[in-house]
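Input: a single structure, listed below in structure tokens.
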Amino acid sequence: MSLTLGAVLVVAAALGVVWWLTRPPALPTIPHQYLATVQSAAKTCPELSVPMLAAQLDAESHWNPRADSGQAQGIAQFHPSTWAEWGKDYTGGGKADVWNPADAIPAQGAYMCHLFKEVKGIPGDPTRLVLAAYNAGPGAVLKARGIPQIPETQNYVNRIEALIPKYTQTYAKQISASPSPE
16 MSLTLGAVLV
26 VAAALGVVWW
36 LTRPPALPTI
46 PHQYLATVQS
56 AAKTCPELSV
66 PMLAAQLDAE
76 SHWNPRADSG
86 QAQGIAQFHP
96 STWAEWGKDY
106 TGGGKADVWN
116 PADAIPAQGA
126 YMCHLFKEVK
136 GIPGDPTRLV
146 LAAYNAGPGA
156 VLKARGIPQI
166 PETQNYVNRI
176 EALIPKYTQT
186 YAKQISASPS
196 PE
């Protein structure tokens, strides 16, 4: 009897391990503390969406407001020269702060809307072109008349495109589970 029980426990444990190792990865979600800020930034222009900005922030910094690549800073990974032009004091704290998501995320939205205007008329998917422009700079996209042949930029665009449907799915659950901001 105890041998049978032991065998059942071993099989159950093995099935549990197999399930754990083969389960689908958890879908990404917008951290609660940034949800309202991303929602607000997505209203900057009609081309933006909450899932697109969320996927971009995930790809840029994994939602880390202290991210620093050595060339770009903050949750939205602004290059200092881009921040100098697009950074704005959205919080009313007296200073545009790249390290403050409440300043950086709205600046990301404003800059993305600007990039949509910059790439207008270039053949290709506008969202892909704008993401490439955010990563490589609008000059590189304009010069290439499309997504530049830069592996880092191509991978960046593809990564965000793969994340957008995941954030679309989880965002729908997030907004149905929480009251919408006024």
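The numbering used here puts the sequence shown at residues 16 to 197.
Ideal Cβ placement from N, Cα and C applies to all residues, glycine included.
- Pairing Pro-43 with Thr-185 gives a Cβ-Cβ distance under 8 Å.
- CA-CA distance, Ser-76 to Tyr-49, rounds to 13 Å.
- Of all alpha-carbon atoms in Thr-183, Ala-70, Ile-162, the one lying nearest the alpha-carbon of Gly-139 is that of Ile-162.
- Note on Gly-124: 16 or more other CB atoms within 10 angstroms of its CB, so buried under the neighbour-count rule.
- Beta-bridge analysis with DSSP links Phe-131 to no other residue.
- The beta carbon of Val-65 sits closer than 8 Å to the beta carbons of Ile-45, Val-53, Gln-54, Ala-57, Tyr-182, Tyr-186 from its chain, once the five residues preceding and following it are set aside; these are given in chain order.
- If you draw a 10 Å sphere on the C-beta of Ala-74, you find 16 or more other C-beta atoms in it, and that means buried.
- The alpha-carbon of Thr-142 is positioned some 58 Å away from that of Leu-20.
- For the pair Lys-103 and Ala-91, the CB atoms are not nearer than the 8 Å cut-off.
- According to the DSSP assignment, Ile-179 belongs to the alpha helix (DSSP H) that extends over 166-192.
- When beta bridges are read from the DSSP output, Gln-88 appears opposite Asp-83, Phe-93.
- Sequence-distant partners of Gln-169 (beyond 5 residues in either direction) whose C-beta falls short of 7 Å from its own C-beta, in its chain, are Ile-162.
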